[in-house]
Each structure stands twice: as structure tokens, then as C-alpha cells.
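Protein chains in written order, with the numbering used here: chain G, 57 to 383; chain S, 54 to 349. Beneath this line is the structure, given in C-alpha cells, with notes to follow.
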Amino acid sequence: MTRHTAEQTVGATRGTTPVAPAVAGRRRRPKGRRLRSAYRLPALLMLGPAVIALLAVGIYPAFFAVNMSLHSVQLTKPYLGTPFVGLANYATVLGDPLFWGALGRTAIFFLITVPIELVAGIALALLLDGTRWQRLAGVVRILVVLPLAVTPTVVGLVGRLLFNRDFGVVNWMLGLVGLGPVSWLGEPIPAMVSIALTDVWQWTPFFALVALGGLTMVPTEVTEAVRLETNSRWQMLRHAQLPYLLPGIAAVLIIRTIDVVKLFDMVFTLTRGGPGVSTELISLYVQRIGFRVFDMGVASAQAVILLVLSILIAQLYVRFVYREVEA
Amino acid sequence: MTLADAAQRTTRPKRRGPARPAGRPRRMGSAVLELVVLLAVAAVLLAPVVWMIMTSFKTTNDTFAVPPKLFFTPTLEHYQAIIQDGTVPRALLNSVIVAVASTLLAIVLGVPAAYALARFDFRGKRDLWFWFISNRFLLPIAVALPFYLLGRNLALLDTHLVLVLVYLTFNVPLVIWLCVDQFRAITRDIEEAAYVDGLGVYGTFRRIALPLAAPGIAVAAILCFIFSWNEFLFALVLTRDAAKTAPVEAANFMTGFGIRWGPMMATGTLIVLPIIVFAGVLSKRLVKGLTMGAGK
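Take a look at the structure:
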């Protein structure tokens with residue numbers, strides 16, 4: 057077989073891939089066993105390196121962290137050794153108001169940013185999909201990708217410039233309408249608003265693009281049918297478009313949940329968790345305990361608690377979102 | 054091209070008719086409003102990046118000007134300063150080395166694994182696949198703490214290698230996710246024909262499947278590069294000097310006496326520039342990488 061025909065066949069059959077494997081599998085059942093043993097060694101050789109690599113860099117460190125969390129590991133006091141302390145570190149973490157405070161701030165941050173991103177993202181997607189300025193919308197579609205790709209560390213640094221009290225653009229614009237100046241990064245609540253606004257800038261496009269993907273899946277017949285019934289945009293959204301939006305949006309919500317727990321770089325460069333600890337989200341707090349206080353035992357216990365939390369969310373995500381893929 | 058793209062391409066012409074169907078009149082007002090909102094959105098999306106680039110070309114006096122200066126005489130002094138100083142170019146070089154090496158390694162490890170997952174049937178395949186993918190959701194800070202201690206014991210701290218390895222935790226799952234999809238899109242018949250023709254399992258993989266999946270592998274590689282290039286937490290805690298990457302170097306401008314805005318924004322611009330190029334190239338696929346396919 058030549059490559060030329062190979063490519064043609066691929067092009068022709070791509071549209072039917074969801075069906076093809078099942079049919080092929082049923083047809084090949086009789087000789088399946090012979091194929092399987094022939095493929096055993098190659099499968100092992102192809103999967104082995106990736107499995108070993110991820111075990112080494114992902115799973116082993118995680119177990120190492122569990123082990124560390126059961127010991128007292130004070131890097132600044134090596135003469136203490138690393139005695140086994142059982143669950144004492146966990147008791148410390150769970151009894152530590154600062155840990156709960158950081159977790160609480162993370163929850164607040166999530167509750168401020170994600171609903172705004174969700175609503176703004178869907179609204180933007182509807183606008184881009186339905187506007188009569190399609191050429192301009194095409195340009196905006198490309199621009200929307202920008203915030204997602206820009207290095208979060210740099211986003212935080214630029215935020216510092218924009219939110220600067222004395223010469224920042226934000227205060228200048230507030231001044232034009234007679235407000236301010238606000239000490240954005242110098243006071244607790246404005247600082248939280250700054251990181252939230254920055255996050256909204258960076259992640260609203262994520263919701264918008266996923267929603268746009270859903271909107272393009274809505275069959276024309278459905279929208280036409282609804283249009284015959286009503287002129288209301290709301291009805292159109294509820295009955296025709298929402299069913300196609302929900303799966304993607306659900307997935308993004310779960311991803312954002314994990315992302316907020318992970319969030320470190322942008323906040324680190326924008327506020328460093330300050331002033332005080334007012335914007336110290338959970339990952340920043342754990343990093344500070346581990347790498348500025350160097351109490352690795354307690355930091356590990358914190359990390360393990362978060363790890364369990366994120367594994368639960370990830371499992372939810374993987375089972376929930378990818379069920380159809382694997383079926 | 055992926056299935057989703059194809060679907061979009063075929064449906065769009067139908068949906069984007071010449072105009073709205075009759076019986077749905079729109080007032081001038083709403084059209085103008087839409088225009089204003091679209092322009093405002095475009096401005097907001099662009100503004101921070103444009104402002105960063107502009108500031109990198111401003112003299113220090115212009116940076117501090119109130120009201121902010123939109124028009125100014127550009128200067129290259131900040132770029133000259135950071136190039137002469139040498140730390141930023143070195144950090145950028147480190148970033149290139151780490152991102153390229155980790156991307157290549159992730160491709161070498163991930164692509165064959167993806168092929169095996171897409172093609173061979175074996176018990177526990179589904180669980181193995183789930184496990185690969187869930188590595189993407191490991192908490193970086195939970196991996197960073199033990200990596201720091203392990204790296205210290207093995208004298209790997211502040212080396213390119215430690216970052217290359219730790220970046221595999223997010224790059225390998227990404228490659229596997231995207232490439233399994235890509236290999237599945239190739240029909241089995243072609244490969245079976247090749248196999249029967251005597252190419253063997255490896256020959257079929259190398260000569261038939263790899264070339265056909267090449268576009269998808271390229272997308273995966275670019276995404277790996279972007280994620281590695283942007284990474285900050287691991288680089289911050291696992292490097293100190295010799296292997297320090299560009300984002301860490303950029304963050305360093307915050308410490309010390311007074312922030313040197315010009316050099317900082319120039320560094321930021323140099324970091325973001327290649328990303329903007331790649332993001333432009335990928336556009337739609339970037340979302341696929343971020344959602345691991347959930348948005349398709």
C-alpha cells in the first residue's frame with residue numbers, strides 16, 4: 057500500500073471514527089488472541105518508558121511527600137534530625153488558623169472570579185457567535201487566545217504596573233471619573249480585587265472559547281425551530297443553546313477549581329500574598345511554609361491534604377468528562 | 054485537522070448566512086451597541102500586553118508620567134541594559150534549553166505510549182489511560198517539596214535536568230491525551246495492511262502511523278513548549294542561579310531597592326513574544342490543550 061492511498065483513506069474515514077473501532081473489534085474477535093500475544097512485547101516497550109517516567113517524577117515524589125509529612129523535617133535545624141512524629145504534622149495543619157485562612161481566601165477568590173468569568177465568558181461567546189459584525193468578531197476570536205497564553209508570571213508583573221497607586225493606568229482612569237486614587241496593592245480588599253480582576257482578564261477567554269465551541273455544535277434546524285416560536289434571546293439560549301454549552305462548561309468549572317488551588321505565579325508577582333496575608337492563597341501559603349520557613353514536615357502535610365483534595369476533583373473530572381471518550 | 058475542526062468548517066457556511074433570517078429585525082441601536090462592546094473587548098484583551106511593550110520602550114521618566122503617556126519617544130535603553138547585564142539573556146537561554154528538552158523528552162516518551170493505548174487491547178488499558186491523564190492534575194506544590202529534597206540529595210538542584218524531569222509531570226499526560234486522539238483517527242485497515250505487507254509492528258508505527266499523526270504531534274509539542282516556557286513555581290524553588298529560567302529572572306526585578314520598571318517590562322516582552330507567535334499559530338488548538346479536550 058502506498059502512502060498516497062493511506063492518506064486518502066484516513067481523510068475519508070475520519071468522520072466515522074467513533075463507530076469504526078467497535079465494528080472492527082467485533083469482526084476481528086476470532087483472531088484477536090493471536091494478535092494480542094504478538095503485540096504484547098511492543099506494547100510493553102512503548103508504554104514502559106512513559107509509565108516509569110511518570111512513576112519516577114510524579115508518583116514517587118508524592119509518596120515521598122506522604123513520608124515527609126509523618127516526620128519532623130526542619131531544614132534550618134539539621135541537628136534535630138528527622139524524627140517520626142506520626143500524624144502530629146496533620147494535627148498542626150488542621151489546627152492552624154493560618155492554613156484555614158489561606159484555604160478560606162482561596163474559596164473567596166474562587167467565588168469572586170469564577171462566576172464572573174462564567175457569565176462574561178458565555179456572554180462574550182454569544183456575542184461573537186451572533187453579532188452582525190462577523191469580521192470584527194473573527195479578529196476578537198484570535199485576540200481572545202492571547203490572555204490564555206501569556207506567561208502568568210509576566211501578567212502579575214504587568215498588573216503591578218497597571219495597579220500602581222501613583223502612576224498606574226487604573227487609578228488614572230478612575231481619576232477621569234472622579235474616583236480614587238485607590239491603593240490597590242497596599243490594602244487588603246483592593247489587593248484581593250486586583251488579583252481577582254487580573255484572573256478574570258486571563259481566564260474569561262477560557263470560558264468564552266469553550267462556550268464558542270459548544271455554540272458551533274448547535275444544529276441550524278434547532279435554532280430555526282426556536283426562532284419560529286419566539287424572538288427572545290433568552291429563550292434561544294435556554295432551549296436551543298444551553299444543552300450544547302453545558303458539557304464543556306462543566307468541564308471548565310472543574311478545571312478552574314483545580315487551577316485556583318494551584319494558582320501561584322500570577323499572585324506571587326502581583327502581590328506576593330500581601331499586604332500581610334490578605335491575598336495569600338493556599339499554594340502561596342504552602343510554598344512559604346516550605347521554602348521560607350523551611351518546615352518541610354508541616355508543608356508536606358499541607359501539600360498531601362491538598363493533593364488528596366485535588367485527586368478527588370481530578371477523578372471526578374476524568375470520570376465525568378471522559379466517559380464518552382473511552383466508551 | 055481534527056474532527057471538531059472539520060465539523061465546524063462544514064457547519065459554518067450554513068449558519069453564517071448572508072444575514073439573519075427574515076422576521077427578526079434588529080434595531081440600529083443594538084448593532085451599534087454590539088460594535089462598541091466588541092471594540093471594548095478587543096481593547097481590554099490587548100491593553101495589558103500593549104502597555105507592557107510600550108513601557109519597555111519608555112524612558113524611566115515617561116514611565117512615571119501622570120497622566121500616562123500614549124505618545125513618547127521610544128528608547129532601546131532598557132533592552133541594551135538587560136543585554137549588557139547578561140543575566141536575562143542567560144535566563145532566556147535556560148528557558149529555551151529546558152522547554153525544548155522537556156518537550157522532546159515528553160514526545161519521545163508519550164507518543165509511543167499514546168500509540169499503544171490507541172491501538173493495542175489489553176486488560177487495565179482504561180485505568181492506565183486514566184492514570185496518565187490524572188497526572189496532569191497533580192498539585193505542583195505537592196511535587197515541588199519532595200523534588201526539592203530529592204534534588205538536594207542527588208545534587209540536581211539548580212540544573213536544567215531537574216526542571217526537564219519535573220516538567221514531564223504535565224507534559225507527558227498532555228502528549229498522551231492529544232496523540233491517543235490523533236492515532237485513533239487513523240483507520241486500522243491501513244496499519245493492518247502495512248503489517249501484513251511485512252512492515253512489522255515497529256515499522257508500521259514508524260513508517261505509517263507517525264507520519265499520519267505528525268500534525269497532531271506538532272500541536273502537542275508546541276503546547277508542551279508553551280506550558281514549560283510559562284512555568285514558574287518549580288523553576289522558582291528548584292533553581293537558584295545557573296539554571297534559572299526567564300520568568301524567575303523577571304520576578305527578580307521586584308526585589309531590591311525600587312522596581313526597575315523598564316528592564317522588567319523589557320524582560321516580560323522578551324518572554325511573551327515567542328508565546329504570542331505560537332498562540333497565534335495554534336489559536337483554536339490551544340484551548341484543546343488547556344481543557345485536555347473537554348471543550349471539543
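Every residue, glycine too, gets a C-beta built ideally from N, C-alpha and C.
Per-residue contacts from residue i into chain B (C-beta, under 7 Å)
i, result
"residue 346 of chain G", "No chain B is present in this structure, whose protein chains are G and S."
Straight-line gap, residue i to residue j (C-alpha atoms, nearest Å)
i, j, result
"residue 118 of chain S", "residue 297 of chain S", "33 Å"
"residue 370 of chain G", "residue 259 of chain G", "19 Å"
"residue 312 of chain S", "residue 243 of chain G", "19 Å"
"residue 326 of chain G", "residue 212 of chain G", "4 Å"
"residue 203 of chain G", "residue 245 of chain S", "44 Å"
"residue 269 of chain G", "residue 158 of chain S", "31 Å"
"residue 106 of chain S", "residue 138 of chain S", "20 Å"
"residue 345 of chain G", "residue 299 of chain G", "45 Å"
"residue 277 of chain S", "residue 286 of chain S", "16 Å"
"residue 186 of chain G", "residue 98 of chain S", "20 Å"
"residue 98 of chain G", "residue 192 of chain S", "32 Å"
"residue 302 of chain S", "residue 144 of chain S", "7 Å"
"residue 249 of chain S", "residue 104 of chain G", "26 Å"
"residue 354 of chain G", "residue 146 of chain G", "7 Å"
"residue 210 of chain S", "residue 292 of chain S", "6 Å"
"residue 199 of chain G", "residue 325 of chain S", "14 Å"
"residue 82 of chain G", "residue 147 of chain S", "Note that residue 82 of chain G scores a pLDDT of 40, beneath 50, so its modelled location is shaky; the value from the coordinates is reported in the next line. Their backbone Cα atoms lie some 51 Å apart in a straight line."
Chain S contact residues for residue i, given Cβ-Cβ distances below 9 Å
i, result
"residue 255 of chain G", "Within 9 Å Cβ-Cβ: nothing; residue 255 of chain G doesn't reach chain S, min ~13 Å."
"residue 95 of chain G", "169, 172, 173, 174, 175 and 254"
"residue 320 of chain G", "193, 194, 285, 286 and 289"
Assumed close pair residue i, residue j - CB separation to whole angstroms, cut-off 8 Å
i, j, result
"residue 314 of chain G", "residue 366 of chain G", "6 Å"
"residue 154 of chain S", "residue 217 of chain S", "5 Å"
"residue 201 of chain S", "residue 290 of chain S", "6 Å"
"residue 121 of chain G", "residue 195 of chain S", "6 Å"
"residue 234 of chain G", "residue 227 of chain G", "In fact, because the Cβ distance is near 12 Å, the residues do not count as touching under 8 Å."
"residue 224 of chain S", "residue 156 of chain S", "7 Å"
"residue 329 of chain G", "residue 340 of chain G", "5 Å"
"residue 228 of chain S", "residue 273 of chain S", "5 Å"
"residue 155 of chain G", "residue 358 of chain G", "6 Å"
"residue 104 of chain S", "residue 218 of chain G", "7 Å"
Candidates the options, of which the one nearest residue i by Cα
i, options, result
"residue 304 of chain G", "G:345, G:266, G:182 and G:121", "G:266"
"residue 133 of chain S", "S:142, S:334 and S:267", "S:142"
"residue 178 of chain S", "G:279, G:337, G:96 and G:302", "G:96"
"residue 204 of chain S", "G:106, G:256, G:113 and G:312", "G:113"
"residue 91 of chain S", "G:191, G:319, G:279 and G:155", "G:191"
"residue 115 of chain S", "G:332, G:223 and G:257", "G:223"
"residue 148 of chain G", "G:137, G:372, G:125 and G:172", "G:125"
"residue 136 of chain G", "G:143, G:127 and G:193", "G:127"
"residue 258 of chain S", "S:211, S:235 and S:301", "S:235"
"residue 324 of chain G", "G:248, G:195, G:181 and G:109", "G:248"
"residue 296 of chain G", "G:159, G:284 and G:362", "G:284"
"residue 237 of chain S", "S:170, S:213, S:208 and S:222", "S:170"
"residue 361 of chain S", "G:278, G:337, G:207 and G:310", "Any answer about residue 361 of chain S is impossible in this case: the structure gives chain S only from 54 up to 349."
Alpha helix (DSSP H) segment containing residue i, residue limits
i, result
"residue 180 of chain S", "178 to 187"
"residue 114 of chain S", "113 to 116"
"residue 218 of chain G", "208 to 218"
"residue 30 of chain S", "Because chain S here runs from 54 to 349, residue 30 of chain S falls outside it and cannot be looked at."
"residue 191 of chain G", "190 to 199"
"residue 299 of chain S", "299 to 305"
"residue 287 of chain G", "Residue 287 of chain G -> no alpha helix (DSSP H), and no H or E assigned at all."
"residue 243 of chain G", "Neither: residue 243 of chain G is in no alpha helix (DSSP H) and is coded neither H nor E."
"residue 131 of chain G", "Premise fails: residue 131 of chain G is in no alpha helix (DSSP H) and is neither H nor E."
"residue 269 of chain S", "263 to 283"
"residue 273 of chain G", "Careful: residue 273 of chain G lies outside any alpha helix (DSSP H) and carries neither H nor E."
"residue 336 of chain G", "Premise fails: residue 336 of chain G is in no alpha helix (DSSP H) and is neither H nor E."
"residue 156 of chain S", "140 to 172"
"residue 82 of chain S", "81 to 109"
"residue 161 of chain G", "153 to 186"
Where residue i meets chain S, residues with beta-carbon distance less than 7 Å
i, result
"residue 331 of chain G", "Here the premise fails: no neighbours, minimum Cβ distance about 15 Å."
"residue 209 of chain G", "285, 300, 303 and 304"
"residue 189 of chain G", "87, 88 and 91"
Listed by chain order, chain S residues near residue i by CB distance under 8 Å
i, result
"residue 124 of chain G", "198, 199 and 202"
"residue 219 of chain G", "Near residue 219 of chain G there are no residues of chain S at all, since even the closest Cβ is about 11 Å away, more than 8 Å."
"residue 223 of chain G", "116, 117, 118, 119 and 121"
Under 7 Å from the C-beta of residue i: neighbouring residues of chain G
i, result
"residue 52 of chain S", "There is no way to answer for residue 52 of chain S, as the model of chain S reaches only from 54 to 349."
"residue 120 of chain S", "228"
8 Å Cβ cut-off: residues of chain G touching residue i
i, result
"residue 222 of chain S", "110, 113 and 114"
"residue 141 of chain S", "Chain G residues near residue 141 of chain S: none, gap ~13 Å exceeds 8 Å."
"residue 102 of chain S", "202, 206 and 214"
"residue 325 of chain S", "206, 207 and 210"
Chain G residues whose Cβ lies nearer than 9 Å to that of residue i
i, result
"residue 150 of chain S", "Within chain G, no residue comes near residue 150 of chain S; the closest Cβ sits about 17 Å away, beyond 9 Å."
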